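Working notes, structure below.
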Amino acid sequence: MPEEIAFRTKPQIAVELIDRALHNGVRVSAWTFDEFYGRDGKFLGALEDRQQVFVGEIPVDFHGWVNKPAVLRREPRNAGKRGRRKEYPRVARRAASSEVSALLRYSPVFREQKWQRYRIKDTDKGPEVWEVKWAVFWRKDQRGLPTRRHCLIAARSVLTGEVKYFLSNRVPDEINPVTGQYITLRFLLRVAFGRSSIESCFREAKEELGLDHYEVRGWRCVHRHFYVTQLSHLFCARVRQENDASSADKLDRITIEQVRSAMDVWLDAADLPPAARRQRYEQELQKQQYHQRRNKQARASHTRTRLAQLQALGVDVSHLKSCIPET
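In the working numbering, the protein residues as written are 186 to 512.
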């Protein structure tokens, strides 16, 4: 490992990458992250210091307030002289923060709301429907003080009952400083649940391109392996983009696995005689078309099953609010 490389936590590395992106002119409507980053107050504060909008998942024990607490800026005149002197500013004595899971269960702000159902996205297994409640929220910073107002979102899966919590430093009907447009709850939900596409990239890189199949120990060797894997992934994605029909449904596109398989055949057949090469290409084409049909049939079957499950619960997805952007 180079001597100039110092230990940094994942949130610290993430902030450095964000700074590099901003320095290179990249502008993002909103950042998203999982609860590992969501529990790190310094990371959230760094995003706010840079005036970056975020919508990220937070753990169930994340602390804050749905009613802004009073903050004491200085010691009262009638304060006693006994004991250790208290630090100021500090939150008023009766304004203790609460976990977000407790707020959802006990706070009148959430209890008096009805769950709103949203069609979050369409997947290979059919539409995903979640019920949502939200409230204005003040998160607890590193000093135990409330920050600017945030948006706390509680989302519950209609099918499984799983509950997730998301936090954004922008509230619906506020202006997004990057786009200049009003922020809506649908936008926040679309960003919050949009992390699956990034997770798919890692899964494809590991399963199809060998991201985690390195057998080296050196720092530079590992990084070279990562670079080659990422370039291979980018190449496959570009080939897929160029060969997809513009009218094709997003879920009917060829997969990274199919692109990699086709490239393997193209390389293996490079030294074959022309007739044998054409025969090999034809065999691969037939296999690709077969898998494409099977994938489409599987998606249709999964979608029918998902719709039947939702209908059994009285959910008609065609009448729900949708977070899917219009194309």
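Virtual Cβ for every residue (Gly too), placed ideally from N, Cα, C.
Quick caveat: nothing in here was measured; it's all calculated off a predicted structure.
Assuming the contact rule is C-beta atoms closer than 8 Å, Ser282 and Lys325 should be a hit. Round their C-beta distance to whole Å, please.
Between Ser282 and Lys325, the beta carbon gap of about 5 Å places them in contact (Cβ cut-off 8 Å).
Per DSSP, what are the beta-bridge partners of Lys349 in this structure?
Ala340
Do Val343 and Leu495 have their C-beta atoms within less than 9 Å of each other?
yes
Out of His208, Glu220, Gln443, which has the shortest C-alpha to C-alpha gap to Arg479?
Gln443
Under DSSP, the alpha helix (DSSP H) around Glu233 begins and ends at which residues?
Looking at the DSSP string, the run of the alpha helix (DSSP H) that includes Glu233 is 226-234.
CA-to-CA distance, Arg302 to Gly499, given in whole angstroms:
12 Å
According to DSSP, what are the bridge partners of Pro312?
Asp307
For the beta strand (DSSP E) that contains Ile203, what are its first and last residues?
Ile203 -> not in any beta strand (DSSP E); alpha helix (DSSP H) instead, spanning 195-208.
How long is the line joining the alpha carbons of Ala455 and Glu427, rounded to whole angstroms?
Just so you know, the alpha carbons of Ala455 and Glu427 end up roughly 22 Å apart.
With C-beta atoms as the reference, is Val276 less than 9 Å away from Gly329?
yes
For Arg355, does the three-state DSSP call read helix, strand or coil?
coil
Within 10 Å of its beta-carbon, does Leu452 have 16 or more other beta-carbons around it, so buried, or fewer, so exposed?
It counts as exposed.
Arg331 - partner residues in DSSP beta bridges:
Correcting the residue type first, residue 331 is Pro in the shown sequence and not Arg. Answer is Lys325.
Check whether the region 384-391 and the region 222-230 touch, using three or more Cβ-Cβ pairs below 8 Å as the test.
no
Taking the alpha-carbon positions, what's the Leu394 to Ala447 distance?
13 Å
Throw me the rounded Cβ distance for the Arg380 and Cys508 pair, which I believe falls under 8 Å.
Incorrect: roughly 14 Å between the Cβ atoms, too far for contact.
Quick check: what's the CA-CA separation for Arg334 versus Ala231?
16 Å
Under the three-state reduction of DSSP, which class applies to Phe239: helix, strand or coil?
Strand at Phe239.
If you draw a straight line from the C-alpha of Phe378 to the C-alpha of Arg462, how long is it?
In this structure, the alpha-carbon of Phe378 lies about 45 Å from that of Arg462.
Let me make sure I understand the geometry here. Which of Lys299, Ala255, Phe218 has the alpha-carbon closest to that of Glu384?
Of the candidates Lys299, Ala255, Phe218, Phe218 places its Cα closest to the Cα of Glu384.
Taking Cβ to Cβ, would you say Val245 is nearer than 9 Å to Tyr350?
yes
Within the same chain, show all residues whose beta-carbon is closer than 6 Å to that of Ser292, passing over the 5 residues directly before and after it, in chain order.
Val251
Below 8 Å on the Cβ atoms is my guess for Val450 versus Tyr466; work out the distance and round it to an integer in Å.
Tyr466 and Val450 do touch by the CB rule: their CB atoms are close to 7 Å apart, below 8 Å.
Quick check on Tyr367: does DSSP put it in helix, strand or coil?
Three-state DSSP puts Tyr367 in a strand.
Cβ shell of Lys253 (< 8 Å), same chain only, five flanking positions each side left out
Trp323, Pro331, Arg334
Starting from His248, follow the beta strand (DSSP E) in both directions and report where the run begins and ends.
248-250
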